[in-house]
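In what follows, a single structure is set out as C-alpha cells and then discussed.
Residue numbers (mature numbering (1 follows the signal peptide of the UniProt record, and there is no 0)): -26 to -1, 1 to 1027.
And the structure:
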C-alpha cells in the first residue's frame, strides 16, 4: 500500500522571483500521518491532497491572498496566479517552479537557504510528477458545495451495513487492508453508553443487551439512548466547549455571571432534537425571529458567553472591540470551520479572507446594546433578560420535588427521641461545667445610623436591629446599658435567620457568593457617658479576644479586628442558623457612670453602583459579664435546656426539637437536602436573569480597523459574509437573521460538513477532517472526502436531523468494529485514520468523574439548573482572587453540600482563572475562548487525582459499601460484582486471583490499623453504613479505587 507517511512528510517550497519565504513552518510531525481518499479519476497525485497543503504551509505566507505582503507579485493560491509565471502544465523545463526547486545555486534555490526549509528528493519528484502530468488544479475542497456521492463498489460486499461502510471499505480495499471483526456485545453496549450518554451501563443493562435474542436489540438500544436526558447532556457538554461557556467573566477579577439558563436551552434543544438549522438560527438570531419567544432569546446567549470586564484602567471602546472579535472568531470556527480571526489585522495569509470580509462579518455582532465596562460583582452585563427555564423535564420534576421535600421535612420535624434526649443531657452538663459566671444583658437601642448613606433601619420590640432593605454599609449603633449593670466584660452580637432575607438566612448575601450570609469586615466599640452615633476615638473599648459560633475557613473572626485585613468574619456557609460573635474587652468597662456604648459595624460588599451587599439583616447586641463560654447555643435554647423536661410547655419542646434538628450531625445531610430541594424548586419556578443579544436603538457603525487597533478606524463597512463563499451576494437583508439564513442555506459549503465532522469526532475520537477547527488551507484534508460529503448532504436532506445522523454512524459496521486491531494495522495506520478498526480513546474529564460517581451510587441525575461547587482543594480561588479578599462573586470558594456534591460534572461551577482542578488535570479547558477539540494527555498527576482526590476516594468508599451489600457473601462473589459494575464484565481468572490477594492484604493491614481505616472512611460528606465492619469497608475501598484507576475503566474501546 502507499505509505501513510507521504502526507506529513512533504515539506513545501515557496516559489518566487526575488522573495524569500520568511514564515515558520509548522512541525510536520504534529499532524496525523494520513493520505486522503482519491476520487474516481485519481491516477496517483491529487492536488488538494498532495500539492495544496505544500503550497499553503510554505508559500501562501508570501505568495497568497494577502496582497499587502505578497512578494514578487506572485500568487500561488489561485490557478491564474500560479500558472501566470511559475507553472507551465506538462512542461518541466519551462516551469520556473521546477527550476527553482532543483537549483543548486543558493541565490536561486527555493525554498531559500535561510528559510529553514529544504525539500527531500522524493518531495521534489512529487512536484515534478504533478507538473509533468498536467498540473491538474482543484478549487479548495471545503469551498465547493457538497454533493451526494454514489456508493463505491466494493469486493467484500457482505460487510457494509449502510452507506457509510461502502466509503470506508472502498478506501481500505484500495490500501490492501480489511476491516476488523465486530466487537463483542459487552464492548458494544459499553461503547454506546459512553459515546451517547457519557456514562457507563450498569451490570443489569449489560446483561439485558448481551442476553437479548431480539435481532433488533442493537438498534432499539440506540433509539432508547437517543431519547434520554443523559444524551442531551452529553451533546451539550461538547457545545459548552465550543461556546466557551463559563460561570465567570474571565480577565483578572473573573467575577461571577449567570448563564445556566442558556445551558438549559441547549440541553432542551438536543433532547427535543431541534433541527440543526433552527439550533443555529436561534443561537445566532433568536431575538430577530418573528414573534420571538423568551426561550428563543435565551438561545442568543451563545454569543454572550465571551469574557467581559469591568476592571478599572481598561478602555471601554477597546473592550467592545475585543468582545465583538471574539464573537466573530467563535461563530466562524464553530459553524464554518474557518480561522477568520487571522484576518483581524491583515488579509488572511492562507485563505481568501480579506480584512474587509472580517469586518463585514464583525458588523453583524457590533450592533447590540452592550457596554465596554460591565458585569460587576456577579451582576450580569446587559443586555439581559429575566425568564423561567423551559426544560422539558421541569413539570415532571416539580411533582417529585414536592414529594421529596415533604418527606425530608417530616424526618426533620421528628428527630430520634433517644438521640435528642442524649444530646439534651450532654449539652446541659457541658453548659453547667463552663461559663458558670457568664451572663448576657439586654442593651437598649438608642439610635442606629449610617454616615455614608440614607439608611432604613428598624428596631424591633425585642431589641433586634433590622436592616431588611440591604442599606447601610457601616452602621453605628448607640446602646444604653441597664441600670442594674455596673460592669461589662464584653459584647455578644447575635444574628437571627429571617424569612424576609435572601434564602431565609441571616444576611443579604446572594446565592452566588454567600447565600443568605454576610461578611463583617470591621468591628469597633467605644464607651461614653452620653449617647453618640459616632465612635469616640478617645474612649475606645479595646478587644483582647474574639470568638464566633461558626467561621468560614477564609473568614475567621479575628480578621474583623484588623482594619488592614479586608477579609473580615463570616459564618458561611452556615447562614440559615442563628450565629453569634463574642468580643472580650482587654479590661472591664465600668458602666456605673458611662452607660452608653457605640458599636460600629462595617459590612463587606457594597450597596452602591449595583454591588452586592454582604451585610447582616437581623441582629441584636448584648452586654456580657463573666467569661466567654465559647458556646454556639443561643440564649433562648439555653433557657429551655435549664428548664426541667416535665416543666417545658409544647412551644418550648417544639423549639428545642427544631433547634436540635438544625444542628444534629446525624441530620446534617437531611438539612442540606431540604435546602437543595427548596433551591431546586425555585430554579424550576422562578425567573432568573441571563445575558442575551439584541439590537441597539442606535447601533454602532463598523469600520475596518488598521492593524486591528480599536482607535484606528479606516473604511466604513456594512454587514456581509466572506465574498469567496457561495451565496454571499444573495442575502435579502442585513442583520443576524440574514446571516443565520445564509449559514443554513443549501448553498453554504461548510456548515453541514463542519457539523457532521464534529459528530464523527465525538464517536471516533477524531474527525474525518482531523483539524476540526480549520477547514481552510492550513487544515488537514478529509481522509474520506466522499463520505464527508455524503453525511453533509444527508444532514441537510434529513431536515437537519442530528439524531438521524448519529444513528446512521452508530448503525454502521465501521462503528461496530473491534478496537483491538492487528500488528499490521498498528504499523500501517497507528492513528486509525483509515478506520480499519474501532476507535479507542481515553474518556474526557467529565466522563471519568461521572462514571466514578455512577458506579459508586452517588451520582445525582437531575437535569439542568445552576452550577454547583463540589469538593476542591482549599485556597485555590484565593490565589487568584482580585484584591485578595474582595467579596465580589466568585472570589471566595464556598463548597456546596448534599446532592450538589454529586451532580454531573457539566454542572460544576466553571471559574475561568481556576477551572475545576480534578478535571483540568484531565485536559478540561479554561473556556476563555472557543475550543473545538480537547487535547488528550497522559500524566502522573492524573493517577494522583484518581487515587487521592476526595471525590474519587469517597466514590471508592461508597462503591465498597455496594460491593459488600449487593455483591454476595464471599470475596470471590464480591470481586466479580465489582468487575461487572465497573467494567461491564466478569474478571478473568488471573484478575480474580490478583484482586483477591490485594483485598486480603489490605484487610489484614486495616485490621491491624483501625485508625487508618476510620481515616479512609471519613473521606467525603456522604454517610457511612455503620452496620459494616470498618476494616472490611476500607479494604474494599482500596479494591474499588484499583478498578477506578484501570486503563479499561477510563477508556472507551
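Even glycine gets a Cβ: it sits at the ideal position worked out from N, Cα and C.
Check	Outcome
Cβ contact (3+ pairs, closer than 8 angstroms) linking the stretch 488 to 496 and the stretch 397 to 415	no
Local conformation of residue 564 per DSSP, three classes	strand
Residues near residue 206 in its chain [Cβ-Cβ closer than 6 angstroms; skip 5 each side]	241, 244, 245
Three-state secondary structure assigned by DSSP to residue 708	coil
Reference residue 979; option with closest CA among 995, 1011, 997, 956	1011
Assigned secondary structure, residue 180 (DSSP; H/G/I helix, E/B strand, else coil)	helix
Boundaries (first-last residue) of the beta strand (DSSP E) holding residue 911	From DSSP, residue 911 is part of no beta strand (DSSP E); its letter is neither H nor E.
Cα-Cα separation between residue 478 and residue 345, rounded to whole angstroms	34 angstroms
Backbone CA spacing between residue 765 and residue 54 [nearest angstrom]	32 angstroms
Helix, strand or coil at residue 415 according to DSSP, with G and I counted as helix	strand
Given residue 288 as reference, the closest of 534, 348, 423, 734 once Cα atoms are compared	348
Alpha-carbon to alpha-carbon, residue 934 and residue 790	33 angstroms
Proximity winner among 323, 357, 302, relative to residue 338 (alpha-carbon distances)	302
Inter-residue spacing [alpha-carbon to alpha-carbon] between residue 672 and residue 596	58 angstroms
Contact check, residue 531 vs residue 868, beta carbons under 8 angstroms	no
Exposed unless 16 or more other CB atoms sit within 10 angstroms - verdict on residue 322	buried
Simplified DSSP state of residue 1026, which is helix, strand or coil	strand
Inter-residue Cα distance where the pair is residue 660 and residue 361	8 angstroms
Unbroken stretches of the alpha helix (DSSP H), 4 residues or longer, contained in the stretch 630 to 671	642 to 659
Span separating the alpha-carbon of residue 892 from that of residue 914	13 angstroms
Secondary structure, beta strand (DSSP E): runs of 3+ residues fully inside the stretch 206 to 239	none
As assigned by DSSP and simplified to three states, the class of residue 778	helix
Touching by the beta-carbon criterion (3+ pairs, under 8 angstroms), the stretch 276 to 286 and the stretch 231 to 240	yes
C-beta contact flag for residue 574 and residue 498 at 8 angstroms	yes
C-beta contact flag for residue 419 and residue 453 at 8 angstroms	yes
Proximity below 8 angstroms, CB of residue 81 to CB of residue 1026	no
Exposure of residue 162, with buried meaning 16 or more beta-carbon neighbours within 10 Å	buried
Supposed close pair residue 105, residue 76 - CB separation, criterion 8 angstroms	Between residue 76 and residue 105 the Cβ distance is about 12 angstroms, and since that is not below 8 angstroms, they are no contact.
Buried or exposed by the 16-neighbour rule on C-beta atoms within 10 Å, applied to residue 1021	exposed
Buried versus exposed, by CB contacts within 10 Å (16 or more), residue 1017	buried
Boundaries (first-last residue) of the alpha helix (DSSP H) holding residue 814	It is not in any alpha helix (DSSP H) - residue 814 carries neither H nor E in the DSSP assignment.
Neighbourhood of residue 148 by C-beta, 7 angstroms cutoff - its chain only, sequence neighbours within 5 removed	none
Residue 561 to residue 598 span [Cα, whole Å]	13 angstroms
Selection from 450, 999, 711, 991 that minimises the alpha carbon distance to residue 341	711
Start and end residues, beta strand (DSSP E) containing residue 295	Looking at the DSSP string, residue 295 is not in any beta strand (DSSP E); the run it does join, the alpha helix (DSSP H), is 290 to 305.
Test: residue 752 CB closer than 8 angstroms to a CB of chain E	Looking for chain E here will not work: only one protein chain is present.
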